[in-house]
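J.: In mature numbering (1 follows the signal peptide of the UniProt record, and there is no 0), the protein residues as written are -20 to -1, 1 to 282.
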Amino acid sequence: MAALSRLVAFLSLFGGPHSGIRITQEAAARAHHNGSDARLQVVPRIIHQIFHDWKNPGNEKLPSDWEDVRQTCLSLNPGWDYKLWTEPASREFLSREYPTFLKTYDGYRYPVQRVDALRYFLMLHYGGIYLDLDNGCSTSLEPLLYYPLWTTDGGRGTLSNNILGARPHHPFWEQLTQDLPRCAINYILPYLTISYASGQWFLTEVWEKYHAALPAASRQGDGDGDPRSQHRLYQVMMDMRPGADPWVFFTQGRGGTWNNWDNYIFAWLGNLSQSIPVLMMLVLLPCALLSVLHETQSRVEA
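See the structure below:
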């Protein structure tokens, strides 16, 4: 019943604003240009990206469109460290720094789950900015280095994990990576397994749990120079809907490499959920029940 209770709890996260501080990309750029020298820069100048070609194992050459997108970030952020994590490099990093996680890592049913988990450990260990390979840069990412921990928010549903920023060893990433083995459950539907064992549903659940446990003073602080503000969680808005705040830093290219047959069903439901929230409950709750009743819901042991 633990899996069922987690899915029911997740429904409460849908549709409402998430914890933390929302900032638009325009606001972040404006704050930087209006006096960034007075603020503490806490995120290191590192860009992380991950390329695991699970269709052609051993291939380490990016598709041409992703290479073009990658070059936008390299050219607009000169002098930054850049790390492209291939499958061998990813495994070597985890073997060296987090060997106890390898059993969970190897046990994931879907390759994209390893990509999800790896990005969290990279944020924990190195900090910096992580971008999916289908996300490029429109300008320098320098204005985003002042926020100790942030993720992107599409403005509806769960938070996103396609672009992340953090200082090294932030306690949020400590908590999230510790929760990964416990949450490595195989549900009957691929989308549920990917999203809730390691993906954006999982990240959102940990985000809310972490924020709720913070003392009120730590959630806010007295300003960016206040040490308590280092516990803040920020959401950089990245809403694609018409009329939303414009994007300043990022572009969107070809994605969807991890899509399964049920992704399109959940995308359709996500669109309907804005006007018919009850429909999400009517569909997701039976999915949860099916996941519990079928033996295919198996836990991947840590």
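For each residue, glycine too, the CB sits at the ideal point set by N, CA and C.
1. Report yes if the CB atom of M103 is closer than 8 Å to the CB atom of L144, and no otherwise.
2. In whole angstroms, what is the alpha-carbon distance linking E40 and A192?
3. Kindly indicate the opening and closing residues of the alpha helix (DSSP H) around I174.
4. Using a Cβ-Cβ cutoff of less than 7 Å, which residues in the same chain neighbour F101 once the five nearest sequence positions on both sides are dropped?
5. Drop a sphere of 10 angstroms on the beta-carbon of G(-1), count the other beta-carbons inside from all chains shown, and report buried for 16 or more, exposed for fewer.
6. Among Y62, K35, P43, which residue has its Cα nearest to the Cα of H28?
7. Using only CA atoms, which one of H150, A11, Q215, N166 lies nearest to V22?
8. Tell me which residues share the same chain as S70 and place their Cβ nearer than 8 Å to its Cβ, disregarding the 5 neighbours each side in the sequence.
9. Can you say whether A164 is buried or exposed, counting buried as having 16 or more other CB atoms within 10 angstroms of its CB?
10. Run through the DSSP bridge pairs and tell me what C117 is partnered with.
11. Do three or more CB pairs link the region 42 to 53 to the region 103 to 114 at distances below 8 Å?
12. Buried or exposed: where does R76 fall if 16 or more other Cβ atoms within 10 Å of its Cβ makes it buried?
13. Contact check, G107 vs R50 under 8 Å by CB: the rounded distance?
14. DSSP state of M103, grouped into three classes?
15. Helix or strand or just coil, what does DSSP make of R76?
16. Suppose you measure from the CA of G135 to the CA of W34; what does that come to, to the nearest Å?
17. Could you give the first and the last residue of the continuous alpha helix (DSSP H) run that contains L54?
18. Would P222 be called buried (16 or more neighbouring beta carbons within 10 Å of its own) or exposed?
19. Per DSSP, which residues does M217 bridge with? Please list them.
20. State the start and end residues of the unbroken beta strand (DSSP E) segment that holds L160.
21. Give a yes or no on whether the C-beta atoms belonging to I3 and V216 are separated by under 8 Å.
22. Do you know offhand how far G87's Cα is from Y167's?
23. Relative to the C-alpha of G15, which residue among L160, S55, Y126 is closest?
24. Among Q232, T231, M218, G233, which residue has its Cα nearest to the Cα of A7?
25. In or out: S175 buried (at least 16 other Cβ within 10 Å) or exposed?
26. For L121, is the classification buried or exposed, using 16 other Cβ atoms within 10 angstroms of its Cβ as the cut-off for buried?
27. Looking at P170: is its Cβ nearer than 8 Å to the Cβ of Y85?
28. So G179 and N141 are in contact, right, with Cβ under 8 Å, and what is the actual spacing, rounded?
29. Which class does G87 belong to by DSSP, given the choice of helix, strand or coil?
30. For the beta strand (DSSP E) that contains A9, what are its first and last residues?
T.: From the atom records:
1. In contact: M103 and L144 (Cβ atoms closer than 8 Å).
2. Taking the Cα positions, E40 is about 41 Å away from A192.
3. Segment 170 to 177, the alpha helix (DSSP H) holding I174.
4. Closer than 7 Å at the Cβ level, and outside the excluded window around F101, lie L74, Y78, T157.
5. Classification for G(-1): buried.
6. Nearest C-alpha to H28 among Y62, K35, P43: Y62.
7. Ranking H150, A11, Q215, N166 by Cα distance to V22 puts H150 first.
8. Excluding sequence neighbours, S70 sits near I30, H32, R94, L98.
9. Using a 10 angstroms sphere on the CB of A164, the tally of other CB atoms reaches 16 or more, which defines it as buried.
10. For C117, which the question treats as bridged, DSSP gives the partners F230.
11. Short answer: they touch.
12. R76 comes out exposed.
13. Actually they are not in contact, since the Cβ atoms of G107 and R50 sit about 20 Å apart, beyond 8 Å.
14. The answer is helix: DSSP assigns M103 an H, G or I state.
15. R76: helix per DSSP, three-state reduction.
16. Answer to the nearest angstrom: the Cα atoms are 31 Å apart.
17. Unbroken alpha helix (DSSP H) run through L54: 44 to 56.
18. It counts as exposed.
19. Looking at the DSSP output, M217 shares a beta bridge with D133.
20. Taken as a continuous stretch (DSSP letters only), L160 belongs to no beta strand (DSSP E), as it is neither H nor E.
21. One thing to note: I3 has its Cβ within 8 Å of the Cβ of V216.
22. Straight-line measurement puts the Cα of Y167 at about 14 Å from the Cα of G87.
23. The candidate whose alpha carbon is nearest that of G15 is Y126.
24. Ranked by how close their Cα comes to the Cα of A7, the residues Q232, T231, M218, G233 have M218 in first place.
25. It counts as buried.
26. With at least 16 other beta carbons inside 10 angstroms of its own, L121 counts as buried.
27. Their beta carbons are not under 8 Å apart, which means P170 does not touch Y85 by this criterion.
28. Contact flag correct, Cβ pair sits at about 6 Å.
29. In the three-state reduction of the DSSP assignment, G87 falls in the helix class, which pools H, G and I.
30. First-last for A9: 5 to 13, but that is the alpha helix (DSSP H), not the beta strand (DSSP E).
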